[in-house]
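K.L.:
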Amino acid sequence: MKKKAIITGVTGQDGSYLADLLLKKGFKVYGVVRRTSSDPFYRLKYLKIEKNIDFLSTDLSEHQRITSHINLIKPNFFFNLGAQSFVDYSYKSPMYTDLINNTSVLNILETIKNTSKKTKFYQASTSEMYGGYNSRKMTLNENSIFNPFSPYAIAKLSAYHYTKMYRNSYNIFASNGILFNHESPIRGEQFVTKKIIKGLLEIIYGNKKDPLSLGNLYATRDWGHAKDYVNAMYKIINYKIADDFVVATKKNYSVKDFINLTCKNLGIKILWSGEGLKEVGKDSKGRILININKFFFRPLDVNNLFGDPSKAIRKLKWKRKYDINALIKDMILYEKKKYFK
Ligand code: NAP
Ligand code: G4F
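Take the sequence shown: its letters are residues -9 to 331, numbered as in this note's numbering.
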C-alpha cells in the first residue's frame, strides 16, 4: 500500500514543491486547501501535479475538521506548512496569525497524540524565531538563542516549543525544520526577492513606468532555493529519530546585494545615490529603477539572519544544488517567459 502524507499549505511555495517530491517518491498526497476567491492552484498547475493530489477542503482554523481528516486518513506523515507566512502582515493581524501559526499547530499535535500516534509530524519552523540583535557575521544554529520580534515569529516559536514538548512528553515523532529564507520562481509576490525580480523585469521588458518601491535595503538574509529545502524536510521526517534541524546556505546578502546581483544577471549597471528615504538606484541612462517608501518598513525588522546548517549536512547528509546566482537565474527565467514566449 502507498504511504500517505497530509500537507497543509499545499498551494503555497513549499507545499507545491514538497507535493511534487512526495508524488515522485510514490506517496498518496492529501493537501489541505482553504476557499479563496481566486484560483489557489496556479503553483500546482505549473508543476503539473494538481490532478494527482487529494484535496481536503478546510481552513486551518477549523480545528474539528482538521482533526477528523487526521482520524480518517491516519497518515504516515503530516507536514505542517500552512501558515500566515508574511511577517509584515503579522503586525497588522496578530491574533489571526497566532491562531493559524500557533493554536492550529497545537490542535494537530493533540489529535496525533490522541488518535494517530504513529503519524510522524514535521513543523515548518523558521529563522525568524532568532529575531534581533544578530550581527551580519554571526551564524545561527540549533543552540542559538531565540529572540522573536514579530507576532509571526512569536507564534512560530510557541509552535516550535509545542512540537518539542509533544516529542518529549508523549513520545510522538515530531520534528522542527528551522528553515532560513528560501525562494523560487513560485515564491509569493509580496516577498522581497520575487518583488525585486518581477518588478525589475516589468520596468525593463514591460509597461511599468514607476520605479520599484522597497523598504529596508540593509537587512541581510540567508537565501536558499525552495527545491533544496523541501529535500531537507523529507530527510528530517525520515531521520531515525525526531529532532530539530537548521536548514540554510551559510551565506548571507543584504537586500541591496540581492538587487545588485539581479541587475548583474540582467546586464544592467545600477548606480546608487542618496541616503535613507531619499536613496535611489538608477540605470546608466539616469532612469530611477528603485526608490524607497516608508510604507515597506516594519515596526521592528530583523536586521540579520545567517544560518549554519552543519548538523543537517552531517546527520541528514543534506546537500544543496543552488547558490544565490543559480537561484536568481531560475527566478529571472520564469519571469522572462512572460515577455518572450
Ligand atoms: P506560502 O507560499 O505563503 O504558503 C502558505 C500556505 O499556507 C498556502 O498554501 C496558504 O494557502 C496556506 N494557508 C495560509 N493560511 C491558511 C489557513 N488559514 N488555512 C489553510 N491554509 C492556509 O509559504 P511558504 O513560503 O511555502 O512557507 C511554507 C511554511 O514554511 C510556512 O509555514 C512558513 O511560515 C514557513 N517558512 C517559510 C520560509 C520561507 O522562506 N519560505 C522560511 C521558514 C519557514 P493559500 O494558497 O490559500 O494562501
Ligand atoms: O522577503 P521578506 O518579506 O521575508 P522575511 O520577512 O525574511 O520572511 C520570510 O522568511 C522567513 C524566514 O526567515 C519566513 F519564516 C517567512 O515566512 C518569510 O518566508 O523580507 C526580507 C527582508 C526584510 O528585512 C524586509 O524588511 O527584506 C526587507 N524588505 C525591504 N523592502 C522588504 C521590502 N520586504 C518585503 N516583503 N517587501 C519590501 O518591499
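Glycine included, C-beta positions come from ideal geometry on N, C-alpha and C. A quick note: this is a predicted structure, and the numbers were derived from the prediction, not measured.
1) Are there 16 or more other CB atoms within 10 angstroms of the CB of residue 218, so buried, or fewer, so exposed?
2) Helix, strand or coil for residue 226? Go by DSSP, reduced to three states.
3) Please classify residue 232: does DSSP put it in a helix, a strand, or coil?
4) For a test of the three-state rule: what should DSSP assign to residue 173, helix, strand or coil?
5) Output needed for residue 18: all residues of its chain with C-beta closer than 8 Å, excluding positions within five of it in sequence on either side, in chain order.
6) Please state if the CB of residue 248 and the CB of residue 186 are separated by a distance shorter than 8 Å.
7) Taking the continuous alpha helix (DSSP H) assigned at residue 315, which residues delimit it?
8) Quick check on DSSP: helix, strand or coil for residue 5?
9) Express the C-alpha separation of residue 242 and residue 302 in angstroms, rounding to a whole number.
10) Inspect the beta-carbon positions of residue 124 and residue 296 and report whether they are closer than 8 Å.
11) Taking 7 Å as the cut-off, is the beta-carbon of residue 218 closer than that to any non-hydrogen atom of ligand 2?
12) Going by Cα to Cα distance, which pick from 211, 134, 104, 163 is closest to residue 172?
13) Using only CA atoms, which one of 199, 37, 117 lies nearest to residue 138?
14) What are the boundary residues of the beta strand (DSSP E) that includes residue 113?
15) When every heavy atom of ligand 1 is checked, does at least one fall within less than 7 Å of the C-beta of residue 24?
16) For residue 310, which of 323, 181, 198, 213 has the nearest alpha-carbon?
P.N.:
On the basis of the supplied data:
1) Taking the sequence shown and counting its residues from 1, one reaches residue 218 at position 228. Per the 10 Å Cβ criterion, buried.
2) Locating residue 226 in the sequence shown gives position 236, counting from the first residue. Helix, per DSSP.
3) Counting from one through the sequence shown, the residue named residue 232 turns up at place 242. Three-state DSSP puts residue 232 in coil, outside helix and strand.
4) Counting from one through the sequence shown, the residue named residue 173 turns up at place 183. Three-state DSSP puts residue 173 in a strand.
5) If you number the sequence shown from 1, residue 18 lands on position 28. Excluding positions up to five away in sequence, the list reads -8, -7, -6, -5, 44.
6) On the sequence shown, position 196 is the one that residue 186 refers to. On the sequence shown, position 258 is the one that residue 248 refers to. Going by C-beta atoms, residue 186 is nearer than 8 Å to residue 248.
7) The residue you call residue 315 lines up with position 325 of the sequence shown. 314 to 326 is the extent of the alpha helix (DSSP H) around residue 315.
8) Counting from one through the sequence shown, the residue named residue 5 turns up at place 15. It is helical.
9) If you number the sequence shown from 1, residue 302 lands on position 312. If you number the sequence shown from 1, residue 242 lands on position 252. For residue 302 and residue 242, the distance between alpha carbons rounds to 18 Å.
10) Within the sequence shown, residue 124 is the residue found at index 134, counting from 1. Within the sequence shown, residue 296 is the residue found at index 306, counting from 1. Closer than 8 Å, so yes.
11) If you number the sequence shown from 1, residue 218 lands on position 228. No; taking the cut-off as 7 Å, the Cβ of residue 218 has no heavy atom of ligand 2 nearer than that.
12) As a first step, residue 172 is located in the sequence shown; it is residue number 182 there, counting from the start. Closest by alpha carbon: 211.
13) Here residue 138 refers to the residue found at position 148 of the sequence shown. The shortest Cα separation from residue 138 among 199, 37, 117 belongs to 117.
14) On the sequence shown, residue 113 is found 123 positions in, with the first residue counted as 1. Where residue 113 is concerned, the enclosing beta strand (DSSP E) stretches over 110 to 116.
15) For the purposes of this step, residue 24 is identified with residue 34 of the sequence shown, where counting begins at 1. True, at least one ligand heavy atom lies under 7 Å from that Cβ.
16) In the sequence shown, counting from the first residue as 1, residue 310 sits at position 320. Answer by Cα proximity: 213.
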